[in-house]
Every structure is written in structure tokens, then in C-alpha cells.
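Beneath this line is the structure, given in C-alpha cells, with notes to follow.
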């Protein structure tokens, strides 16, 4: 009887230990940021692959959404993203709303080692509300990486939060893989 209890206890302990091992070996969702949560890509298919979408739920970004994707073979190979007109054309702001107006000139930004421009916009939404938006376009050789953020909060805070997410190791790794076609 005592031997059966010892065997049962050993099997239970082995089950717990192997369960912990399986849990530790199982793929874990990659952390995106302290405040960003990944969503499904909300836009219909177009000429470019779907990207990734995120919602910011932390202080300073107040429910802003960020949409990112690679556009391979879509950039001036020599000068990259050279001006604000190019940001207006490529940054996917028009996916959020075709009625957008730039609030001023853009600025030079970096995502990893890629250089490009960011520009802020006012959006007129279909439901009659107005949102702030930020478009980002950076290039690597002949490829583009674009990001569009939108929300009710301050555009400067949104841009800062979005660029901070894009500078995380996970996002930089995903970005390189997307630009490489993986």
C-alpha cells in the first residue's frame, strides 16, 4: 500500500514538472510594449500585404490605434522618403479616412537605421468626429515601411508612443523580416 502511494505521488510530481516544462517550451506571445495591444488588421485587401494593427491603452495615448506594414519595391531607391508629399501618398492615412489635412510640415524621423519623415494630420471621420493622425514613412534601399496612427489624443504624444513601439526589439525584428519578404 505504501509503495502504491509513493508511486502515485512520484507520478503526480512528474506530471507537474513535465507540465511546467511544456508550459515553458510553448511559444509565448511576443511582448509588444507596456501599453500596446495587437488587433486584427482592420482594412480590406489592397495592392500591399496586410500589416499589423495595435491599440494603445496607456496614459498619454488614450486609445490611439497604430497600423504598420511594409511596402516592398515602392520607394525611390536613391533618395528614399524625400518630402512631405510622399508621406501623404504612402503612409496609409487614406485607409483610415480619405478626408485628411496636414496640420503643418513634417519632420525627419528614424526607425532603427531607417530614415524617413513623419507628418501630422487632422482626420474627418465618417461618423462626423475629428481625430488627430500621424503618418510615418521610412525607407531601406527600395522598400518602404509605413505607419499610420490615429486617435482622439494629442498628435505629438501619439507620434512619440508609436515611434517608441517601433523601436522595440520585437518590432525591429518584424520590420526587417517583412522588408526581406519573410
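Residue numbers (our numbering): 145 to 326. We put the beta carbon where it would ideally sit given N, CA and C, even for glycine.
Legend entry - Beta-ladder partner(s) of residue 215, from DSSP: 288
Inset, instruction - Taking 8 Å as the cut-off, decide whether the C-beta atoms of residue 291 and residue 306 are in contact. - result: yes
Legend entry - Same chain only: Cβ atoms within 6 Å of residue 293, ignoring 5 sequence neighbours per side: 208, 210, 278, 302 and 306
Inset, instruction - Determine, using beta carbons only, whether residue 263 and residue 276 come nearer to each other than 8 Å. - result: no
Inset, instruction - Please name the residue in 192, 191, 186 and 223 whose C-alpha comes closest to that of residue 199. - result: 186
Legend entry - C-alpha gap between residue 205 and residue 310, whole angstroms: 15 Å
Legend entry - Sub-8 Å separation of residue 125 and residue 192 beta-carbons: For residue 125 there is no data in the structure shown, the boundaries of the chain being 145 and 326.
Inset, instruction - For the alpha helix (DSSP H) holding residue 304, just list the boundary residues, first then last. - result: 299-310
Legend entry - According to DSSP, residues forming a beta bridge with residue 198: 182 and 210
Legend entry - DSSP state of residue 234 mapped onto helix, strand, coil: helix
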